[in-house]
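Number of protein chains: 2
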Amino acid sequence: MKPLNAIRLEPIGVVQTKASLDDLKHGTATSKIVIKKEFSKGLDGIGGFSHLFVLFWMHKTSASEKMILKVHPRHRLYLPKQGVFATRTQFRPNSIGLTVVKLVRRAGNTLTVKGLDAYEGTPVLDLKPYDPWDRLGKIHVPAWWKKLEKEKERNESASHIG
Amino acid sequence: MKPLNAIRLEPIGVVQTKASLDDLKHGTATSKIVIKKEFSKGLDGIGGFSHLFVLFWMHKTSASEKMILKVHPRHRLYLPKQGVFATRTQFRPNSIGLTVVKLVRRAGNTLTVKGLDAYEGTPVLDLKPYDPWDRLGKIHVPAWWKKLEKEKERNESASHIG
Numbered sequence: 175m176k177p178l179n180a181i182r183l184e185p186i187g188v189v190q191t192k193a194s195l196d197d198l199k200h201g202t203a204t205s206k207i208v209i210k211k212e213f214s215k216g217l218d219g220i221g222g223f224s225h226l227f228v229l230f231w232m233h234k235t236s237a238s239e240k241m242i243l244k245v246h247p248r249h250r251l252y253l254p255k256q257g258v259f260a261t262r263t264q265f266r267p268n269s270i271g272l273t274v275v276k277l278v279r280r281a282g283n284t285l286t287v288k289g290l291d292a293y294e295g296t297p298v299l300d301l302k303p304y305d306p307w308d309r310l311g312k313i314h315v316p317a318w319w320k321k322l323e324k325e326k327e328r329n330e331s332a333s334h335i336g
Numbered sequence: 175m176k177p178l179n180a181i182r183l184e185p186i187g188v189v190q191t192k193a194s195l196d197d198l199k200h201g202t203a204t205s206k207i208v209i210k211k212e213f214s215k216g217l218d219g220i221g222g223f224s225h226l227f228v229l230f231w232m233h234k235t236s237a238s239e240k241m242i243l244k245v246h247p248r249h250r251l252y253l254p255k256q257g258v259f260a261t262r263t264q265f266r267p268n269s270i271g272l273t274v275v276k277l278v279r280r281a282g283n284t285l286t287v288k289g290l291d292a293y294e295g296t297p298v299l300d301l302k303p304y305d306p307w308d309r310l311g312k313i314h315v316p317a318w319w320k321k322l323e324k325e326k327e328r329n330e331s332a333s334h335i336g
């Protein structure tokens, strides 16, 4: 496998949000994604989709955190550690975050979205439309995941922060 | 916005597949993802999920293709060009591919998956479990997307190649 050390990711934009950590965690945050002017044309037609995948660079993750390979799901110590690829933790070798958001509005190079669990100032790497093929029928998830689901109250959606 | 030129992506593994281009396109390919031994522990528990997001580096995209900002959806010239962020085209500033796959089996550091539209030798950047929050209820997509959907026959799922 050839090394990809030469790969440079270029942020296409940045997250602007004043949402509380609680709102970020619970998928109730409203945020703006401001796309660089040079990429603005790439947004044409995006308003036809109600939901998007946002890929972002989790810039607050430290080098040592990227080395972690097993975590307690959402920091719940009573749950056995799982491999990072079996969770959505921010600790992973490549700090790419992935979240499905609702697209509220596009105005020029600014998108208003709901449900993004990314901090103010987070570099955005890519946007992709969510389409019916992404909406699976029958799926299954492990018992620990269901346990965490039961813990949640009233939150209409969830996030991968904390 | 600070430049991220120093970001280095490290492949966590590689795609191995003998599937035909047709199978890749139609979501019917069976592929292996071989994870580097050093990251193998990160897979622990992944078998509890039936489906995964695979993030991969579309290494065949050229520098000039990355500059493209509008494309005819899936090369259909009769459809008006859309911004690349409104499509799943491989032409985009950061060549990160995203596909939902069915996890067939984990054996050591090798995953067998179904539905991955990535070529043999594609570097894999991340794996994330698909969970019920990723399965949206009501969504909408533009008219051109529905037109393409009607074109498809018999394919149980779809891909973002060609």
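Line by line, the protein sequences are chains A and B. Its first residue numbered 175, the first sequence is counted upward by one per residue in my numbering. Its first residue numbered 175, the second sequence is counted upward by one per residue in my numbering. No residue lacks a Cβ here, since even glycine has one placed at the ideal position from N, Cα and C.
Please state whether DSSP places Pro-267 of chain A in a helix, a strand or coil.
coil
Where the segment 186-197 of chain B meets chain A: residues whose CB sits under 7 Å from a CB there:
Ile-186, Val-188
Assuming Lys-302 of chain A is part of the beta strand (DSSP E), what are its boundary residues?
297-303
In this structure, does DSSP put Ile-313 of chain B in helix, strand or coil?
coil
Should Lys-211 of chain B be labelled buried (16 or more other beta-carbon atoms within 10 Å of its own) or exposed?
exposed
Coarse secondary structure for Ala-151 of chain B, derived from DSSP in three states
With chain B represented from 175 up to 336, any question about residue 151 of chain B goes unanswered, as that position is not in the structure.
Provide the residue(s) that pair with Phe-230 of chain A in DSSP beta bridges, ordered along the chain.
A:Gly-271, A:Val-298
Since Leu-243 of chain B and Gly-257 of chain B should fall inside the 8 Å C-beta cutoff, what is the C-beta to C-beta distance between them, to a whole number of angstroms?
6 Å
Beta-carbon proximity list for Glu-239 of chain B, same chain, < 8 Å, skipping 5 on both sides:
Gln-264, Phe-265
Name, going along the chain, the residues of the segment 212-243 of chain A whose beta-carbon falls closer than 7 Å to a beta-carbon of chain B.
Phe-213, Lys-215, Gly-216, Leu-217, Asp-218, Gly-219, Ile-220, Gly-222, Phe-223, Ser-224, His-225, Phe-227, Leu-229, Trp-231, Leu-243
Given 8 Å, three or more beta-carbon pairs between the segment 189-207 of chain B and the segment 279-293 of chain B:
yes
Is the Cβ-Cβ distance between Ile-270 of chain A and Leu-217 of chain B less than 9 Å?
no
Checking 9 Å against the spacing of the C-beta atoms, do Phe-213 of chain B and Ile-186 of chain B come in under that value?
yes
Since Leu-198 of chain B is in the alpha helix (DSSP H), which residue starts that stretch and which ends it?
195-200
Roughly how many angstroms lie between the CA atoms of Gly-221 of chain A and Pro-297 of chain B, to the nearest whole one?
31 Å
Which residue comes first and which comes last in the beta strand (DSSP E) that contains Thr-204 of chain B?
204-209
In or out: Met-232 of chain A buried (at least 16 other Cβ within 10 Å) or exposed?
buried
Starting from the beta carbon of Ala-292 of chain A, find every residue of chain B whose beta carbon is closer than 9 Å, and list them in chain order.
Per Cβ cutoff of 9 Å: no residues; Ala-292 of chain A is ~14 Å from chain B at best.
How would you call Ala-260 of chain A, buried or exposed, if buried means at least 16 neighbouring beta carbons within 10 angstroms?
buried
Whose C-beta lies closer than 8 Å to the C-beta of Val-188 of chain A among residues of the same chain, with five residues either side of it excluded?
Ile-207, Val-208, Gly-295, Thr-296, Pro-297, Val-298
Span separating the alpha-carbon of Asp-196 of chain B from that of Leu-253 of chain B:
22 Å
Per DSSP, the bridge partner or partners of Ala-281 of chain B
B:Thr-284
Here's a check: name, in chain order, each residue in its chain whose Cβ is nearer than 8 Å to the Cβ of His-225 of chain B, leaving out the five neighbours to either side.
Val-274, Val-275, Lys-276, Leu-277, Pro-303, Tyr-304
Just mark Leu-285 of chain B as buried or exposed, buried being the case when its beta carbon has 16 or more other beta carbons within 10 Å.
buried
List the whole-angstrom C-beta distance separating Arg-279 of chain B from Leu-310 of chain A, where the pair is believed to meet the contact cut-off of C-beta under 8 Å.
Not confirmed; about 18 Å, so no contact.
Look at the alpha carbon of Gly-282 of chain A and the alpha carbon of Gly-219 of chain B, and state the distance between them as a whole number of angstroms.
43 Å
Closer than 8 Å at the beta carbon, the chain A residues around His-200 of chain B
The contacting residues do not exist; His-200 of chain B stays about 11 Å from chain A at best.
Under the three-state reduction of DSSP, which class applies to Leu-187 of chain A: helix, strand or coil?
A small correction: the amino acid at residue 187 of chain A is Gly; Leu does not occupy that position in the sequence shown. DSSP places Gly-187 of chain A in strand when its eight states are reduced to three.
Residues of the segment 256-280 of chain B in Cβ contact with chain A at a cutoff of 8 Å, in chain order, please.
Gln-256, Gly-257, Val-258, Phe-259, Ala-260, Thr-261, Arg-262, Arg-266, Pro-267, Asn-268, Ile-270, Leu-272, Val-274
DSSP three-state assignment for His-249 of chain B, whether helix, strand or coil
helix
Please tell me whether Arg-248 of chain B has its Cβ less than 9 Å away from any Cβ of chain A.
no
For Lys-255 of chain B, name the three-state secondary structure that DSSP assigns.
coil
Tell me whether the beta-carbon of Lys-234 of chain A lies closer than 9 Å to the beta-carbon of His-246 of chain A.
no
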